[in-house]
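Report on the structure given below.
2 protein chains.
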Amino acid sequence: MAVTDEAIEKIKDMIVSGALRPGDRLPKESELAADLGLSRNSLREAVRALSLIRILDVRQGDGTYVTSLDPQLLLEALSFVVDFHRDDTVLEFLAVRRILEPAATAMAASRISEQQLDALGAQLDKLGDSPSVEELVAADLDFHRGIVQSSGNSVLCSLMDGLSGPTTRARIWRGLTQEDAVSRTLHEHRAILAALRDRDTEAARSWATVHIASVEQWLRSSL
Amino acid sequence: MAVTDEAIEKIKDMIVSGALRPGDRLPKESELAADLGLSRNSLREAVRALSLIRILDVRQGDGTYVTSLDPQLLLEALSFVVDFHRDDTVLEFLAVRRILEPAATAMAASRISEQQLDALGAQLDKLGDSPSVEELVAADLDFHRGIVQSSGNSVLCSLMDGLSGPTTRARIWRGLTQEDAVSRTLHEHRAILAALRDRDTEAARSWATVHIASVEQWLRSSL
DNA sequence: TGTGCTGAGACATCGGACGTCTCAGCACAG
DNA sequence: CTGTGCTGAGACGTCCGATGTCTCAGCACA
Chain A
1 MAVTDEAIEK IKDMIVSGAL RPGDRLPKES ELAADLGLSR NSLREAVRAL
51 SLIRILDVRQ GDGTYVTSLD PQLLLEALSF VVDFHRDDTV LEFLAVRRIL
101 EPAATAMAAS RISEQQLDAL GAQLDKLGDS PSVEELVAAD LDFHRGIVQS
151 SGNSVLCSLM DGLSGPTTRA RIWRGLTQED AVSRTLHEHR AILAALRDRD
201 TEAARSWATV HIASVEQWLR SSL
Chain V
1 MAVTDEAIEK IKDMIVSGAL RPGDRLPKES ELAADLGLSR NSLREAVRAL
51 SLIRILDVRQ GDGTYVTSLD PQLLLEALSF VVDFHRDDTV LEFLAVRRIL
101 EPAATAMAAS RISEQQLDAL GAQLDKLGDS PSVEELVAAD LDFHRGIVQS
151 SGNSVLCSLM DGLSGPTTRA RIWRGLTQED AVSRTLHEHR AILAALRDRD
201 TEAARSWATV HIASVEQWLR SSL
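Line order of the protein sequences matches chains A and V.
Throughout the first sequence, residue numbering follows the UniProt record's numbering, covering 1 to 223 in sequence.
Throughout the second sequence, residue numbering follows the UniProt record's numbering, covering 1 to 223 in sequence.
Here is the structure:
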């Protein structure tokens, strides 16, 4: 195995074993390189790789630190990966979302706070009836993220964020807005919100399913 | 932004835009470095980072290639990230699995081939009644992977693989095997298989839910 | 025709030099 | 005494050039 790969493993082990804890600072590059028995250049490749997936945080002029290792942070890397997928696998991602989103929405129905409900309502009101594509994409993202956050599972939240990130959604919406989908989407959002307000778990789940399924159906017919 | 980060973005763009396709070979390091306007060392950091998450495949003495970009390959990186999570978030990962696994099992019920069913049955028979921990972990992984593969959604399959990889499962099983969980698990596996044989979507979904929930319950009580 | 050698090309690794950035600590003005 | 601004040490950022190692295509020979 290449020395850089070894270094990646060793740093990983140091963190997993607890020798390095979240927020800890690593020895300076030259020291760490000496400890692990490789050159600074090779070590830097390892550090760079770990920093791309948000394990390490390098601050020029300061030092290198272990990140908080929050699921939220680590799963962010997922969206980077998802960006590489082409249209033919978008459907599969959407199918996964169709499984997760209704479940998350149902979970939220029994846990969401009045405050959150009001925030979601205000957001829908602010959007109006004929938003631009960018506004709609942003609002759609915010709306669903707000709900999933209320599910109380941060892993689930980050996963959904990664799976249906801006890029994916934009790609879908680019075509979708040409139909009557805009008003239907807004209507469905309101229905979901109403179900949440009623604390109606099953209604929330069903509306979320309908919501995703309608997108999926459109996408399937247009590919 | 650092030159290396720019390079990562540029290489990503080249792939996403289609200038570089899966399987394509990149220009040699020195050339690419010159094209992107940075040194070979810095470029190498970018390449290493992208190879860690399976976007690029570097072969010493040959060249650097774009991988197949299969969802399966890319989501492999997920398990690397999951390894960093500590016990307190394992429950959240399990909760996500509790959502996905029943859905995947239900999907498999209507699509799985006779051949696959026989393979799963043979695997269960081979395991016997009192397997070792390692055998059980491996068998458990294989069993569920086999089912999820039959769901026909490769993204779902890779995602599940990443979320409940060897490390996570081993961690859970280490404690779980001390109880009567072994025989109960084997029994549940057989029940799931029977439901699949009957093409009984709902029974399959329910057994899968029960299966995960029992693990979750044990885990929750022992933390 | 098949085997084995060989050299070109590409990645692997290293060590050192220099630039840039951050932060703590000191000096000075208010 | 307090707050501002400078300054220098330390750490990361970047680059260069040299050398080692590996892969593969192509040639020579049996």
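Ideal Cβ placement from N, Cα and C applies to all residues, glycine included.
Per-residue contacts from residue 83 of chain A into chain V (C-beta, under 8 Å): For this step, residue 83 of chain A is matched to residue 83 along the first sequence. Contact of residue 83 of chain A with chain V by beta-carbon distance below 8 Å involves 12, 16.
For residue 99 of chain V, which residues in chain A fall below 7 Å Cβ to Cβ? Stepping through the second sequence from its first residue, residue 99 of chain V is reached at position 99. Contact of residue 99 of chain V with chain A by beta-carbon distance below 7 Å involves 99, 100, 103.
Please list the partners that residue 202 of chain V has in chain A, where partner means a Cβ-to-Cβ separation under 8 Å. One-based indexing of the second sequence puts residue 202 of chain V at position 202. Against residue 202 of chain V, chain A offers no close residue; the least beta-carbon distance is about 16 Å (beta-carbon pairs closer than 8 Å).
Where the alpha helix (DSSP H) through residue 69 of chain A begins and ends: Translated into the one-based positions of the first sequence, residue 69 of chain A becomes position 69. Taken as a continuous stretch (DSSP letters only), residue 69 of chain A belongs to no alpha helix (DSSP H), as it is neither H nor E.
Who are the neighbours of residue 155 of chain A on chain V, taking C-beta pairs under 7 Å? In the first sequence, residue 155 of chain A corresponds to position 155, counting from 1. Residues of chain V passing the Cβ test: 89, 92, 93, 96.
Would you list, in chain order, the members of the region 110-129 of chain A that have their beta-carbon closer than 9 Å to a beta-carbon of chain V? Within the region 110-129 of chain A, no residue has a Cβ that lies closer than 9 Å to any Cβ of chain V.
Compare the beta carbon distance of residue 71 of chain V and residue 92 of chain A with 8 Å and say whether it is the shorter of the two. As a working mapping, residue 71 of chain V is identified with position 71 in the second sequence. As a working mapping, residue 92 of chain A is identified with position 92 in the first sequence. Yes, these two residues count as a Cβ contact at 8 Å.
Can residue 53 of chain V and residue 3 of chain A be called in contact, C-beta distance under 8 Å? Looking up residue 53 of chain V in the second sequence gives position 53. Looking up residue 3 of chain A in the first sequence gives position 3. No; because the gap between Cβ atoms is not below 8 Å, this pair is not in contact.
Considering only residues of the same chain and omitting the five flanking positions on each side of residue 275 of chain V, which have a CB-CB separation below 7 Å? Because residue 275 of chain V is not part of the residues shown, which for chain V are 1 to 223, the question remains open.
Rank V/27, V/104, V/110, V/125 by C-alpha distance to the C-alpha of residue 158 of chain V and give the top, closest one. Walking along the second sequence from the start, residue 158 of chain V turns up at place 158. The shortest C-alpha separation from residue 158 of chain V is found at V/104.
According to DSSP, what are the bridge partners of residue 57 of chain A? Here residue 57 of chain A is taken as the residue at index 57 of the first sequence, counted from 1. BP columns for residue 57 of chain A point to A/65.
So residue 22 of chain V and residue 67 of chain V are in contact, right, with Cβ under 8 Å, and what is the actual spacing, rounded? Sequence index remark: in the second sequence, residue 22 of chain V carries index 22 (1-based). Sequence index remark: in the second sequence, residue 67 of chain V carries index 67 (1-based). Between the beta-carbon of residue 22 of chain V and that of residue 67 of chain V there is about 7 Å, and that keeps the pair under the 8 Å contact cut.
Interface residues of chain A around residue 48 of chain V at Cβ under 8 Å? Within the second sequence, numbered from 1, the residue matching residue 48 of chain V stands at position 48. Residues of chain A with a Cβ closer than 8 Å to the Cβ of residue 48 of chain V are, in chain order, 4, 45, 46, 48, 49.
Where residue 192 of chain V meets chain A, residues with beta-carbon distance less than 7 Å: Taking the second sequence and counting its residues from 1, the one referred to as residue 192 of chain V is at position 192. Neighbours of residue 192 of chain V on chain A: none; closest Cβ ~18 Å, over 7 Å.
Chain-ordered residues of the region 66-78 of chain A with a beta carbon less than 8 Å from chain V: The region 66-78 of chain A vs chain V, Cβ under 8 Å: 69, 71, 74, 75, 77, 78.
I want to verify the contact list: residues of chain A whose CB lies under 8 Å from the CB of residue 8 of chain V, in sequence order. Residue 8 of chain V sits at position 8 when you count from the first residue of the second sequence. Contact annotation for residue 8 of chain V against chain A: 52 [CB-CB distance below 8 Å, chain order].
Whole angstroms is fine: what's the gap from residue 137 of chain A's alpha carbon to residue 196 of chain A's? Along the first sequence, read from residue 1 onward, the residue named residue 137 of chain A stands at position 137. Along the first sequence, read from residue 1 onward, the residue named residue 196 of chain A stands at position 196. Using only the alpha carbons, I get a separation of about 22 Å.
Around the C-beta of residue 45 of chain A, are 16 or more other C-beta atoms found within 10 angstroms, so that it is buried, or is it exposed? For this step, residue 45 of chain A is matched to residue 45 along the first sequence. By the C-beta density criterion, residue 45 of chain A is buried, having at least 16 other C-beta atoms within 10 angstroms.
Own chain residues within Cβ distance below 6 Å of residue 108 of chain V, not counting five before or after: Locating residue 108 of chain V in the second sequence gives position 108, counting from the first residue. Sequence-distant partners of residue 108 of chain V (beyond 5 residues in either direction) whose C-beta falls short of 6 Å from its own C-beta, in its chain, are 147, 150, 151.
Using the beta-carbon count (16 or more within 10 Å), is residue 87 of chain V buried or exposed? Residue 87 of chain V sits at position 87 when you count from the first residue of the second sequence. Only exposed fits residue 87 of chain V, as fewer than 16 other CB atoms lie within 10 angstroms of its CB.
Output the residue ranges of the alpha helix (DSSP H) runs that lie fully inside the region 72-150 of chain A and measure 4 residues or longer, sorted by chain position. The qualifying runs are 87-109, 114-127, 133-149.
Can you tell me where the alpha helix (DSSP H) with residue 19 of chain V in it begins and where it stops? Taking the second sequence and counting its residues from 1, the one referred to as residue 19 of chain V is at position 19. In the DSSP assignment, residue 19 of chain V falls outside any alpha helix (DSSP H), carrying neither H nor E.
How about residue 49 of chain V and residue 48 of chain A: do their beta carbons lie closer than 8 Å? Residue 49 of chain V sits at position 49 when you count from the first residue of the second sequence. Residue 48 of chain A sits at position 48 when you count from the first residue of the first sequence. Remark: C-beta atoms of residue 49 of chain V and residue 48 of chain A approach each other more closely than 8 Å.
Kindly identify the DSSP beta-bridge partner or partners of residue 25 of chain V. Counting from 1 along the second sequence, the entry for residue 25 of chain V is found at position 25. The partner list for residue 25 of chain V (beta bridge, DSSP) reads V/65.
Cα-Cα, which of V/218, V/191, V/205 is closest to residue 124 of chain V? Within the second sequence, the letter at position 124 stands for residue 124 of chain V. It is V/191.
With a threshold of 8 Å between beta-carbons, can residue 212 of chain A be considered close to chain V, or not? For the purposes of this step, residue 212 of chain A is taken as the residue at position 212 of the first sequence. No, its Cβ sits nowhere closer than 8 Å to a Cβ of chain V.
Quick check: the Cα distance between residue 106 of chain A and residue 95 of chain V, rounded to an integer number of angstroms? For the purposes of this step, residue 106 of chain A is identified with residue 106 of the first sequence, where counting begins at 1. For the purposes of this step, residue 95 of chain V is identified with residue 95 of the second sequence, where counting begins at 1. Straight through space, the alpha carbons of residue 95 of chain V and residue 106 of chain A are spaced by roughly 13 Å.
Does the separation of the CB atoms of residue 16 of chain V and residue 84 of chain A fall below 8 Å? The residue you call residue 16 of chain V lines up with position 16 of the second sequence. The residue you call residue 84 of chain A lines up with position 84 of the first sequence. Contact flag set, yes.
For the alpha helix (DSSP H) holding residue 195 of chain V, just list the boundary residues, first then last. Taking the first residue of the second sequence as 1, we reach residue 195 of chain V at position 195. Secondary structure note for residue 195 of chain V: its alpha helix (DSSP H) is the uninterrupted segment 181-197.
Assuming contact is defined by CB atoms lying nearer than 8 Å, are residue 156 of chain V and residue 100 of chain V in contact in what I supplied? Taking the second sequence and counting its residues from 1, one reaches residue 156 of chain V at position 156. Taking the second sequence and counting its residues from 1, one reaches residue 100 of chain V at position 100. The criterion of a C-beta distance shorter than 8 Å is satisfied by residue 156 of chain V and residue 100 of chain V.
Starting from residue 147 of chain V, find everything on chain A with Cβ-Cβ shorter than 8 Å and list it in chain order. Numbered from its first residue, the second sequence carries residue 147 of chain V at position 147. What residue 147 of chain V touches in chain A: nothing, since even the nearest Cβ is about 15 Å away.
Reducing DSSP to helix, strand and coil, say where residue 161 of chain V ends up. Along the second sequence, read from residue 1 onward, the residue named residue 161 of chain V stands at position 161. If DSSP states are grouped into helix, strand and coil, residue 161 of chain V belongs with the helices.
Please decide whether residue 56 of chain A counts as near chain V, where near means a Cβ-Cβ distance under 8 Å. Within the first sequence, residue 56 of chain A is the residue found at index 56, counting from 1. No, residue 56 of chain A lies away from the interface with chain V (no Cβ there is under 8 Å from its Cβ).
8 Å Cβ cutoff, residue 36 of chain V in contact with chain A: Mapped onto the second sequence, residue 36 of chain V falls at position 36. Closer than 8 Å: no.
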